[in-house]
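Have a look at the structure below, then the notes.
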Amino acid sequence: MKTELQIPSDLKFLNIVEHWLLGCLEIGVGESIDWARQSNRLRLVLAEAFSNVVRHAHQEQPQILILLKMELQNTDVSIEVWDRGTGYDLEGYMAPTPEAMQEGGYGWLIINRLMDRVEYSLKIDDEGRNCLRLEANLAEKAAQAAKSA
Numbered sequence: 011m012k013t014e015l016q017i018p019s020d021l022k023f024l025n026i027v028e029h030w031l032l033g034c035l036e037i038g039v040g041e042s043i044d045w046a047r048q049s050n051r052l053r054l055v056l057a058e059a060f061s062n063v064v065r066h067a068h069q070e071q072p073q074i075l076i077l078l079k080m081e082l083q084n085t086d087v088s089i090e091v092w093d094r095g096t097g098y099d100l101e102g103y104m105a106p107t108p109e110a111m112q113e114g115g116y117g118w119l120i121i122n123r124l125m126d127r128v129e130y131s132l133k134i135d136d137e138g139r140n141c142l143r144l145e146a147n148l149a150e151k152a153a154q155a156a157k158s159a
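For the sequence shown, the working numbering assigns the number 11 to the initial residue and increments by one for each residue that follows.
As structure tokens, then:
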């Protein structure tokens with residue numbers, strides 16, 4: 011299954027984005043995964059990615075659309091978040107440490123910890139958009155979580 015959504019760059023649309031993603035996934039995989047665990051994980055990752063685009067890439071300009079794409083094959087999910095910002099230089103990123111007590115930088119850490127694969131590409135299409143690609147195997151994470159519980 012493949013689907014996509016274009017939505018204004020405004021945090022008031024976050025709930026719609028979450029329902030779109032989780033609704034599509036629930037139709038695609040049904041009851042074959044642990045929805046309680048997976049929906050919380052995906053909701054957090056999507057909230058971080060979407061809010062970063064709204065606040066940083068598009069700088070609170072709701073007229074700039076965010077393109078979201080989702081592809082599901084069995085229990086493998088791929089989510090793409092496309093933006094039109096200047097991009098973020100990941101080479102300069104330093105993961106936050108508890109002793110530093112810094113205010114920002116946790117979103118990238120959270121996203122990388124919760125997803126199996128994270129890829130960020132700058133200016134990769136004809137329109138000069140950036141793409142954050144997030145991949146996970148939903149069944150694997152559910153099985154790993156059950157083993158550690």
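All C-beta atoms in this analysis are idealised placements derived from N, C-alpha and C, irrespective of residue type, glycine included.
Reduced DSSP secondary structure (H/G/I, E/B, other) of residue i
| i | result |
| --- | --- |
| Tyr98 | coil |
| Leu132 | coil |
| Glu70 | coil |
Own chain partners of residue i with C-beta closer than 8 Å, once the 5 adjacent residues on each side are dropped
| i | result |
| --- | --- |
| Ser57 | Checking the sequence shown, residue 57 turns out to be Ala, not Ser. So the list reads Leu24, Glu28, once near-sequence residues are dropped. |
| Glu14 | Leu77, Leu78, Lys79, Met80 |
| Asn122 | Val128 |
Sequence-distant residues of its chain with Cβ nearer than 6 Å to residue i (five each side left out)
| i | result |
| --- | --- |
| Gly97 | Leu132, Asn140 |
| Gln16 | Leu75, Leu77 |
| Gln48 | Leu148 |
Closest Cα partner of residue i within the set the options
| i | options | result |
| --- | --- | --- |
| Arg94 | Ile134, Ala146, Ser42, Leu148 | Ile134 |
| Arg127 | Glu145, Gly115, Ile120 | Glu145 |
Residue burial classification, residue i (beta-carbon count within 10 angstroms, cutoff 16)
| i | result |
| --- | --- |
| Leu100 | exposed |
| Arg65 | exposed |
| Met80 | buried |
Residues of its chain near residue i, where Cβ-Cβ distance is below 7 Å and the 5 sequence neighbours each way are ignored
| i | result |
| --- | --- |
| Leu124 | Arg51, Leu54, Val55 |
| Ile43 | Thr85, Leu148, Ala149, Ala152 |
| Pro72 | Pro18, Ser19, Asp20 |
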